[in-house]
Every structure is written in C-alpha cells, then in structure tokens.
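>
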Amino acid sequence: MADTSTAPDSILEAGTTAPDFTLKATPDQSLSLSELKGNPVVLVFYPADWSQVCGDELAVFNQSLPLLQEYGAVLLGISVDSAWSHQAFKESRKLGYDLLADYNPKGAVSKEYGAYDEQAGCSKRALFVVDADGVISWSYLSPMAINPGVNGVLDALEALKNKNA
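Just so we're aligned, residue 0 is where the sequence shown starts under numbering that gives the first Met the number 0, counting upward by one.
Laid out in structure tokens, this is it:
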C-alpha cells in the first residue's frame, strides 16, 4: 500500500470553507474558529509538543508574531497533545499565542483539514491561512522533518491584504 501521509493534495485547498471547530486552549477554556471571524487566522498544525522540529517551528512563529499581527492575523497552533501538555510547553517556550488540543476525539479537527497522519497517530505539519470570512486562502503541507518557516504564511497574508485593498 502506498504511503499517502504526505501527499500534497491531502490537505484542504484554497477556496475551501474552513471547517469550524472548538478546541481546548487551556484545561478549562475552549476557543472556536468561528469566534475569530473578521480577522485572518493562521493555523499551524504540527505533530507534537516537545519535539525538536516542532519546537523550532513554533519558536519561528512566535518570533514572527509582530509581523503576523501587522496583518491583523490571529495565530493558533494545533496538535493532538493534551491541553495540559500545551500549557507546559507554551510556558516553557514563552509562546505568545494559543496552542489548541485536538486531543479528544484524537485528531478530529486535523482529519477535517486533511492534516492527520493515521499511521503516525499525530497531526501532519500543515499551514493554513483562513481569511476574515472563514475561507482558506492558502495552505501548505510540509514533510514531517522539515520546519516550513513563516515566509509562505507572510506571502499569503500579503496577497490577502492586496486582494482586499
């Protein structure tokens, strides 16, 4: 059987309405994508807290937070780790944005976005820019071992800004 876990066409594409979700941002607080309508939202799906590549990727996004905010964008990290793990990871890395727990049922939101690796049991490394109306304007799937950086997201936000200008 062919491995399709990193097939480029497996994630939702631009022009698709972003599936709404409600996930735990802390052990006792939830956040819904629909709450953020009116702002662009950057969704960073990643495999796991505490892994080196994920830590590096989330640190790059944290350093780029002021640039993302210039576009009015809200940044959210999503993985199948628990809200407790996210809370400890966020505090240890001093991250200035929410990490959402796609924990129970495991990977349900990642699956809706085509960003779940059944074989590995975790989220794929996928990026989405959702426009103010809740439509995906850009998406990208990176190999698990590669930090995709933030440049593609910034280019997508710039294109969205120019489109709306």
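Virtual Cβ for every residue (Gly too), placed ideally from N, Cα, C. As the structure is a prediction and not an experimental result, all values here were calculated from the model.
From residue 146 to residue 35, what does the alpha carbon distance come to, in whole angstroms?
Your numbering for residue 146 matches position 147 in the sequence shown. Your numbering for residue 35 matches position 36 in the sequence shown. Looking at the two C-alpha atoms, the distance is approximately 26 Å.
> Kindly indicate which residue of 116, 160, 117, 48 has the alpha-carbon position closest to the one of residue 137.
Against the sequence shown, residue 137 aligns to sequence position 138. Nearest C-alpha to residue 137: 160.
> Looking at residue 105: is its Cβ nearer than 7 Å to the Cβ of residue 98?
Along the sequence shown, read from residue 1 onward, the residue named residue 105 stands at position 106. Along the sequence shown, read from residue 1 onward, the residue named residue 98 stands at position 99. Taking 7 Å as the Cβ cut-off, residue 105 and residue 98 do not qualify as a contacting pair.
> Could you check whether residue 100 and residue 82 sit closer than 7 Å to each other, using their CB atoms as the reference points?
Looking up residue 82 in the sequence shown gives position 83. Looking up residue 100 in the sequence shown gives position 101. Yes; because the gap between Cβ atoms is below 7 Å, this pair is in contact.
> Run through the DSSP bridge pairs and tell me what residue 100 is partnered with.
Locating residue 100 in the sequence shown gives position 101, counting from the first residue. Answer is 23, 78.
> Using CA coordinates, which residue listed in 163, 86, 79 is at the minimum distance from residue 107?
Reading the sequence shown from its first residue, position 108 is the one you call residue 107. Per the Cα distances, 79.
> Look at the Cβ atom of residue 141, then the Cβ atom of residue 124, and state whether they are nearer than 7 Å.
Against the sequence shown, residue 141 aligns to sequence position 142. Against the sequence shown, residue 124 aligns to sequence position 125. It is a contact, given that the beta carbons lie within the stated cut-off.
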